[in-house]
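For reference, each letter of the sequence shown is one residue, going 28 to 354 in my numbering.
In this text, a Cβ means the ideal position worked out from N, Cα and C, and glycines have one as well.
Values in this document were obtained by computation on a predicted structure and should not be read as measured data.
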Amino acid sequence: MSTVSTMNEIFPGDGFHPMGPYGLGMRVPMIVISPWSKGGWVNSQVFDHTSLIRFIETRFGGGPLTETNITPWRRAVTGDLTSAFDFDKPNGPQKFSLPSTDAFKPPAYDVFYDNFDVVPPADQAVPKQEPGIRPARALPYSLNAHGALQDSDGSFHIDFENTGSAAAVFQVRSGSDAHIPRTYTVEPGKSLSDSWDLGSIGIADCDLSVYGPNGFFRSFKGSVAGLRNAHLDVTAIYDEAKNTITVAIANGAPQSAKITVRDNYTGKSIDLKIKSGGTGSNDWSLTRLSGWYDLVITVADDSSIEFHFAGHVENGKDSISDPALGR
Numbered sequence: 028m029s030t031v032s033t034m035n036e037i038f039p040g041d042g043f044h045p046m047g048p049y050g051l052g053m054r055v056p057m058i059v060i061s062p063w064s065k066g067g068w069v070n071s072q073v074f075d076h077t078s079l080i081r082f083i084e085t086r087f088g089g090g091p092l093t094e095t096n097i098t099p100w101r102r103a104v105t106g107d108l109t110s111a112f113d114f115d116k117p118n119g120p121q122k123f124s125l126p127s128t129d130a131f132k133p134p135a136y137d138v139f140y141d142n143f144d145v146v147p148p149a150d151q152a153v154p155k156q157e158p159g160i161r162p163a164r165a166l167p168y169s170l171n172a173h174g175a176l177q178d179s180d181g182s183f184h185i186d187f188e189n190t191g192s193a194a195a196v197f198q199v200r201s202g203s204d205a206h207i208p209r210t211y212t213v214e215p216g217k218s219l220s221d222s223w224d225l226g227s228i229g230i231a232d233c234d235l236s237v238y239g240p241n242g243f244f245r246s247f248k249g250s251v252a253g254l255r256n257a258h259l260d261v262t263a264i265y266d267e268a269k270n271t272i273t274v275a276i277a278n279g280a281p282q283s284a285k286i287t288v289r290d291n292y293t294g295k296s297i298d299l300k301i302k303s304g305g306t307g308s309n310d311w312s313l314t315r316l317s318g319w320y321d322l323v324i325t326v327a328d329d330s331s332i333e334f335h336f337a338g339h340v341e342n343g344k345d346s347i348s349d350p351a352l353g354r
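In structure tokens:
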């Protein structure tokens, strides 16, 4: 997101960046210019080229206009662009002054330019997102992922949960070359599970990262021996009505555990001392951040263990773009 005009709706990366055969491919920015999208809104629902066709289907009622070449999977995981618009208030009180375009005028109108040699800049750099936040459309996602080491065989098990109103794709990447990237499509109201072999195939350290739409992220790290010894069960719980997230940690080890949870948005940390067989928890209000959270859980007795939970809690209302990206 580099430049936002006053009537543009911008779709930055959706948080799901698969490679090659592992999904839709890289998400790229899209700009919607319409009286029903004015105000520089951001929409991070997953869309693709078929979303334009589906928008026409939706607008004109489908039937004979239904495109039969769009697969059911693509229809399930990509939107039809209707969430990008506000058709209820097409002519609200907002008025905007458009920036001057004088700098873009050609130097001479009477010259025909039949070719133009593009010269790359001498000092090249990766583009950066402009600072600041933008209003963001409400999204149909409510996703979670819960991971834990299994006592039976030392594998790491992850449950993927979708309580939203749209299908979503999770991707899991491993820090070990023994595991290829995996993707999971989860329908609304359903869940899936999978496991990753670790110690049984000679992998001493767990390093698994889960990605989903709109910045959804989970990371599970730690040595196999350390995770087995700590025996922690870490769960994230959303309360959409109160706009809060709760981290609950159960300690199944024979010894007590000192846990630190750091909020990366505020830089503040809280400590939890959990007795053997006990549970500790803490709530974070997400009202000030409009639903965004980024929490890192570490264990005092084992620096290898780190659980990282980040994303956005949807409550059916419009919010803002990620404050961390906007700096």
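*Which first and last residues belong to the alpha helix (DSSP H) in which A351 is found?*
350 to 353
_Under the three-state DSSP convention, the category L79 falls into_ = helix
*Could you give the distance in angstroms between the alpha-carbon of A152 and the alpha-carbon of V146?*
15 Å
*E157 (DSSP reduced to helix, strand or coil)*: coil
*CB S220 to CB D186, shorter than 8 Å?*
yes
_Let me confirm a value: Q198 is counted as buried when at least 16 other C-beta atoms fall within 10 Å, else exposed. Which label applies?_
buried
*Closest residue to S250 among L176, G304, E157 (Cα-Cα distance)*: L176
_With distance defined between alpha-carbon atoms, name the residue in Y168, D310, V340, R161 nearest to W319._
V340
_P162 - DSSP class collapsed to helix/strand/coil_ = strand
_Assigned exposure category for A205 - 16 Cβ within 10 Å defines buried_ = exposed
*What residue range is occupied by the uninterrupted beta strand (DSSP E) comprising V261?*
259 to 266
*Report yes if the C-beta distance between A165 and D345 is below 8 Å; otherwise report no.*
yes
*Classify W223 as buried or exposed, calling it buried when 16 or more other Cβ atoms lie within 10 Å of its own Cβ.*
buried
*Distance, Cα to Cα, K248 vs I264?*
20 Å
*Member of I58, I286, R81, A268 whose CA lies at the smallest distance from the CA of I276*: I286
*Do the CB positions of G239 and A195 come within less than 8 Å of each other?*
yes
*How many Å lie between Q156 and N96 at the Cα?*
36 Å
*Take the Cβ of R354 as the centre, count every other Cβ of all protein chains shown within 10 Å, and call the residue buried at 16 or more, exposed below.*
exposed
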